[in-house]
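**Q** Just add 130 to wherever you are in the sequence shown, counting from 1, and you've got the numbering used here.
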Amino acid sequence: MASVPADATAPYGDAVEARFPAPSMVYNTPGLQASRTTFTTQDEIHTWLRDQAAALSRSVGIKAAVLSIGASQQGQPLEALVLTRGTGTDPAALQATGRPTVLLIGQQHGDEPAGSEALLVIARELAQGLLQPLLERINVVIVPRANPDGADRGDPLTAGGQDLNRDHLLLDTPEAQALARLTRDYRPTVVLDAHEYTVLGPYLQKFNAVEKFDALLQYSTTVNLPEFLTKADEEWYRRPLLAALKGQGLSSEWYHTTSADMADRKISMGGPEPVTIRNVEGLKNSVSLAVETRGAGIGRLHIQRRVHTHVTAITSVLGSTAQRASELGQLRPYLEKEVSAQACKGQSIVEAANTPAQYDLQMLDPVTGGDKTVTVDWESALALRTLKSRVRPCGYWLSESSKTAIERLRLHGIQVFRVLEQSALLGDIYRETSRAGSAQQAMQGSLAGSQPLIKTEVTLVRGVIDAPAGSYYVPLNQPLANLAIAALEPDTQSSFFANHLINELASAARVMSEPSLKTEELP
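Below you can see the structure in the form of C-alpha cells.
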C-alpha cells in the first residue's frame, strides 16, 4: 500500500482548503486512523469483511458471506460481501427473495481510496448499524476494492497497466472478468461505482481555477438504452441523491473531465463508449451510477469529507432502492421484454458522440478560494449525437474460430447457440472500405503492451451466409441484445473486432431474417 504522509502539504492555499471543512461525523476504518500514512490494506479489508459477516450472522433471519470472486493480476484476492434476508447468499437465494439487489464497487482506480474506505463504513452500518433495516427491502453486494494491485502502488491502473474501468466490455483483465461473473450471476438491479476525480491537473493551467464540487455524478449515457431506464436513473436516483448531498452541505455537479491539451477549453461529461461499468451495466438493464468525490491527486487531504460524501451518496442510493423496491421489481422484466422484442425491427445506433454546448462551470479561484465562473466548451452526454446507425438485425453469426469472443459474450451472460447442422442464412456481410491503426488510450496514455486498435470503415453487402456446423448464433431476441450490438458491430473503437477478439471481418455477419437453425444453447 503506497504511503501518503498524514501531514502532506495542501496543493493549494488556505483559502481553498477552508472551503472543505471536515464533517462532524468521524469515520473509523483501519485506513482512516489519524496516525496512519497508508489507507486500509487488503489484509485489513479481508478481516473487516469477515468481522461484518460474523456480526450479521448473529442477527435473526439475516445471512451474510464473504465471497472469493477472483484474483488480481498479482494474485491478490478479490472479495465481495453479500448481505441478505434470504435463505442463503448464493445467486438463486437472492433472486428468490424478490427484492432488488444493489452492487457497490470501490477503487477500480488504485489512487482513489475514499470509495473503498466508505464501503467499509457502509458494510459495518448494514451489518450492525443504522442501515441494517434496509435489508428488509433489499439485498446488498459490496466489493470494496476492485484493483488491489493499483491500490498498493497508489496507481490508477492495474499491475498490467490497464485502466480497469475501460475494460468492462472486452473483459481482458482478471479483475473485470471477476466483476462480470458477479453481475452475471447476481444480476443486480442497481450498480454504484465509487470513484474520485482529479482536483487540479490541467484545470489550473487551462482555467487558472480549482475544481470545487464534493461529488460529480453520472448515470449510464450510452446508446440504445431503454428510455424508461434513463428516467429511473434520473427521477428515482439522481434527484434524491442531489437532495441528500445538499442536506449535508455537500456540493455536486455532472461528472466531467478535461483533456491535457492546454489550447482547448473543452470539458466533457463521461462519454457514450460502452466500456465503463456505468455504461455496460446500463446495457444489462441495471440502474447504474458513478459517484466521484473530490480526491484524486491530493493524498489524505479532506479524507473524512471525501468519505462522508461517498457514505451520503451510497446511503441515498440504498434508501432509494428500498423505497422503490416494488417498482424496481417490475422494471427489470419490463426492460428485458422491451429489449428482446426489438430484434429484426427498426434501427440500432452503432456509434455516437457527446453534443457540444456552452456551459458556465463553477470553479474556485486558487488564491482567494472564492467561486469563479468559467465558460467552457461543454461536451454533453445527456443528448448524444448519432454518428452511425443501422437496421437492427435478428442476430449475429460468428465463425467457429471466434471462441475467445464467444467466451467473453457468455461471461457477460449473453445467450449463445452452437450451430449443429450446416445452414444458409440471409444476412449482411461486412466489407471493409478503409482501415487504420491507433494506440489504445487509457486514462493516462497508451495501455501497456496493447495491440493497436483496428479502425475500420465498412459497408454492408446483402447475401447468403454459409453457417457450418460448429459455428455460432447470437440472437437479439434476448435481454442483453444491446450489449451484443456494442460488442459485435466491428467499426467502433470498443468492438471485439477493433480490439482483436475477433480476428477477421469474415468471422462475423449480421443475420437479417429469423433463421431456421438446428442449434444447442451453450451452457
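Quick reminder that beta carbons are idealized off the backbone N, C-alpha and C, glycines included. A quick note: this is a predicted structure, and the numbers were derived from the prediction, not measured.
To the nearest angstrom, report how far apart L647 and E457 are at their CA atoms.
**A** Taken atom to atom, the span from the alpha-carbon of L647 to that of E457 is near 38 angstroms.
**Q** Flag this pair as touching only if the stretch 487-499 and the stretch 582-598 have three or more C-beta atom pairs under 8 angstroms; answer yes or no.
**A** no
**Q** Entirely within the stretch 599-652 and at least 4 residues each: give me those alpha helix (DSSP H) ranges in chain order.
**A** 611-618
**Q** Taking three-plus beta-carbon pairs below 8 angstroms as touching, is the stretch 355-372 in contact with the stretch 252-270?
**A** no
**Q** Given a threshold of 16 other Cβ atoms within 10 Å of its Cβ, counted over all protein chains shown, does M642 qualify as buried or as exposed?
**A** buried
**Q** Can you tell me whether D671 is buried or exposed, with buried defined as 16 or more other CB within 10 angstroms of its CB?
**A** Summary: the structure shown does not reach residue 671, with the chain confined to residues 131 through 653, and so no result is reported for it.
**Q** Hey, out of T227, Q238, L186, G200, whose CA is closest to L213's CA?
**A** L186
**Q** Where does A572 land, buried or exposed, given buried means 16+ other C-beta within 10 angstroms?
**A** Reliability of the predicted coordinates at A572 is poor, the pLDDT of 47 falling under 50, and no value is obtained from them.
**Q** Just checking my contact of V251 with Y157 at CB under 8 angstroms: how many whole Å lie between their CB atoms?
**A** Confirmed, about 5 angstroms.
**Q** Name the DSSP beta bridge partners of Q488, please?
**A** D507
**Q** For T336, which residues of its own chain have a beta-carbon under 7 angstroms away from its beta-carbon, when the five flanking residues on both sides are left out?
**A** What sits at residue 336 in the sequence shown is Lys, not Thr. Once the five neighbours on either side are set aside, the close Cβ partners of K336 are T388, M392, R395.
**Q** If you draw a straight line from the C-alpha of G240 to the C-alpha of L294, how long is it?
**A** Rounded to the nearest angstrom, the two C-alpha atoms are 10 angstroms apart.
**Q** Where does K342 fall in DSSP's three states?
**A** coil
**Q** Taking DSSP as the reference, what is the three-state secondary structure of V549?
**A** strand
**Q** So what's Y327 in DSSP terms, helix, strand or just coil?
**A** If DSSP states are grouped into helix, strand and coil, Y327 belongs with the strands.
**Q** Grouping DSSP H, G and I as helix and E and B as strand, with all else coil, what is D173?
**A** helix
**Q** On the premise that L162 lies in contact with E242, defined as a C-beta separation below 8 angstroms, what is that separation, rounded to the nearest angstrom?
**A** At roughly 15 angstroms, the Cβ-Cβ gap does not stay under 8 angstroms, so E242 and L162 are not in contact.
**Q** Locate the beta strand (DSSP E) running through T586, then write down its first and last residues.
**A** 583-597
**Q** Please report how far the alpha carbon of C524 lies from the alpha carbon of P653, in whole angstroms.
**A** 21 angstroms
**Q** Would you identify the three-state DSSP class for S576, choosing helix, strand or coil?
**A** Any reading at S576 is ruled out, since the residue's pLDDT is 39, under 50, leaving its predicted position unreliable.
**Q** What does DSSP give as the partner residue(s) for T214 in the beta ladder?
**A** K193
**Q** When the Cβ atoms of the stretch 444-452 are set against those of the stretch 369-380, are three or more pairs found closer than 8 angstroms?
**A** yes
**Q** Buried or exposed, going by whether 16 or more other CB atoms sit within 10 Å of the CB of K475?
**A** The residue is exposed, with fewer than 16 neighbouring Cβ atoms inside 10 Å.
**Q** Got a sec? Which residues, its chain only, sit under 8 angstroms from N484 by beta carbon, not counting five neighbours each side?
**A** S398, M399, G401, P402, E509, S510, A511, L514, R515
**Q** Around the C-beta of D302, are 16 or more other C-beta atoms found within 10 angstroms, so that it is buried, or is it exposed?
**A** buried
**Q** In chain order, what residues of the same chain have a beta carbon less than 8 angstroms from the beta carbon of D315, not counting five sequence neighbours either side?
**A** P221
**Q** Taking C-alpha atoms, which residue in Y385, S446, G290 lies nearest to T423?
**A** Y385
**Q** Alpha helix (DSSP H) containing G236: first to last residue?
**A** No alpha helix (DSSP H) contains G236, which is instead part of the beta strand (DSSP E) from 231-236.
**Q** In the DSSP output, which residue or residues are listed as bridge partners for M131?
**A** In the DSSP output, where bridge partners are listed per residue, M131 has none listed.
**Q** With burial defined as no fewer than 16 other Cβ atoms inside 10 Å of the residue's Cβ, what is the status of S165: buried or exposed?
**A** exposed
**Q** Just mark A639 as buried or exposed, buried being the case when its beta carbon has 16 or more other beta carbons within 10 Å.
**A** buried
**Q** Could you say which of E174, I192, E619 lies nearest to E481 if we only look at CA atoms?
**A** The shortest Cα separation from E481 among E174, I192, E619 belongs to E619.
**Q** Which partner residues of Y526 appear in the DSSP bridge assignment?
**A** V604, R640
**Q** Does the beta-carbon distance from S519 to I479 come in below 8 angstroms?
**A** yes
**Q** For L539, report the span of its alpha helix (DSSP H) as first-last.
**A** 533-542
**Q** List the DSSP bridge partners of A483.
**A** R515
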